[in-house]
Amino acid sequence: ETGVTQTPRHLVMGMTNKKSLKCEQHLGHNAMYWYKQSAKKPLELMFVYNFKEQTENNSVPSRFSPECPNSSHLFLHLHTLQPEDSALYLCASSPEGQDNEQFFGPGTRLTVL
Amino acid sequence: AQSVTQPDIHITVSEGASLELRCNYSYGATPYLFWYVQSPGQGLQLLLKYFSGDTLVQGIKGFEAEFKRSQSSFNLRKPSVHWSDAAEYFCGGSSNTGKLIFGQGTTLQVKP
Chain A
1 ETGVTQTPRH
11 LVMGMTNKKS
21 LKCEQHLGHN
31 AMYWYKQSAK
41 KPLELMFVYN
51 FKEQTENNSV
61 PSRFSPECPN
71 SSHLFLHLHT
81 LQPEDSALYL
91 CASSPEGQDN
101 EQFFGPGTRL
111 TVL
Chain B
1 AQSVTQPDIH
11 ITVSEGASLE
21 LRCNYSYGAT
31 PYLFWYVQSP
41 GQGLQLLLKY
51 FSGDTLVQGI
61 KGFEAEFKRS
71 QSSFNLRKPS
81 VHWSDAAEYF
91 CGGSSNTGKL
101 IFGQGTTLQV
111 KP
């Protein structure tokens, strides 16, 4: 497997469920990102990790909880979400910092009922 | 405040016609600039990037972009559009200490 992979590709969950999104990069990068893409809105940066340390939290509600156990893996833990959280969640990675090209995964399409 | 603006939300061109997608940026210094393409249900793929040097940048799939400091623009162009170019296009910018900011995106429709 090469590039940036995300699982699952599609997820439907109720507001009381707990689920996790997984991202894995096989590029040897040191920075990883979570973005939210809603219809008719710009891409929203949610979290940034550099060398496994969180360096940015873009005022994301606590019902979204990221985890970066190593430079290759990034998780987004979800609990008690709202219907307005339905969106495409994209993971990306880059060699280091955000001035370098970011490589994106295919995204997880999340629907909250 | 730093920003990236794509003035056109939706553009329709005929197959074989030329294409120009507009992007304007607002940064204190010249940012790093990118164009990405997103096909339906997919992530973003980098088309090209500008960091410094030659202001005309060549990318993949026959795309190019020109950095114009005087106009704070980084417009994407293609001489002849193919039906497979129908997608959403995002312009992005970042400073060397800041985050990557995307424009709202331009949806390209290609008429046969």
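Taken in order, these protein sequences are the chains called A and B. Residues 1 to 113 in our numbering are what the first sequence lists, from first letter to last. Residues 1 to 112 in our numbering are what the second sequence lists, from first letter to last. Even for Gly, the Cβ is constructed at its ideal location relative to N, Cα and C. Note that this is a predicted model, so its numbers are computed, not measured.
Chain B places no beta carbon closer than 8 Å to that of A/Q54, leaving this residue out of the contacts.
Look at B/F90: its C-beta is under 8 Å from a C-beta on chain A. Proximity of chain B to A/G105 at the Cβ level (cut-off 9 Å) is accounted for by G43, in chain order. By the rule that beta-carbons nearer than 8 Å mark a contact, A/Q82 does not touch chain B. The beta carbon of A/Q102 falls within 8 Å of a beta carbon belonging to chain B, placing the residue at that interface.
A/N17 and A/Q82 have their C-alpha atoms spaced approximately 11 Å apart. In this structure, B/Y89 lies away from B/L46, with their beta-carbon atoms at least 8 Å apart.
Counting every other CB atom within 10 Å of its CB across the protein chains shown gives B/I9 a total below 16, marking it as exposed.
Of A/T80, A/S93, A/K36 and A/S38, the smallest CA-CA separation from A/C68 is found for A/S93. DSSP places B/I9 outside both helix and strand once states are collapsed to three, so it counts as coil.
Proximity of A/P8 to chain B, defined by a Cβ-Cβ separation below 8 Å, is not satisfied. Sequence-ordered contacts of the segment 34-45 of chain A with chain B read P42, L43 and L45 [C-beta pairs closer than 7 Å].
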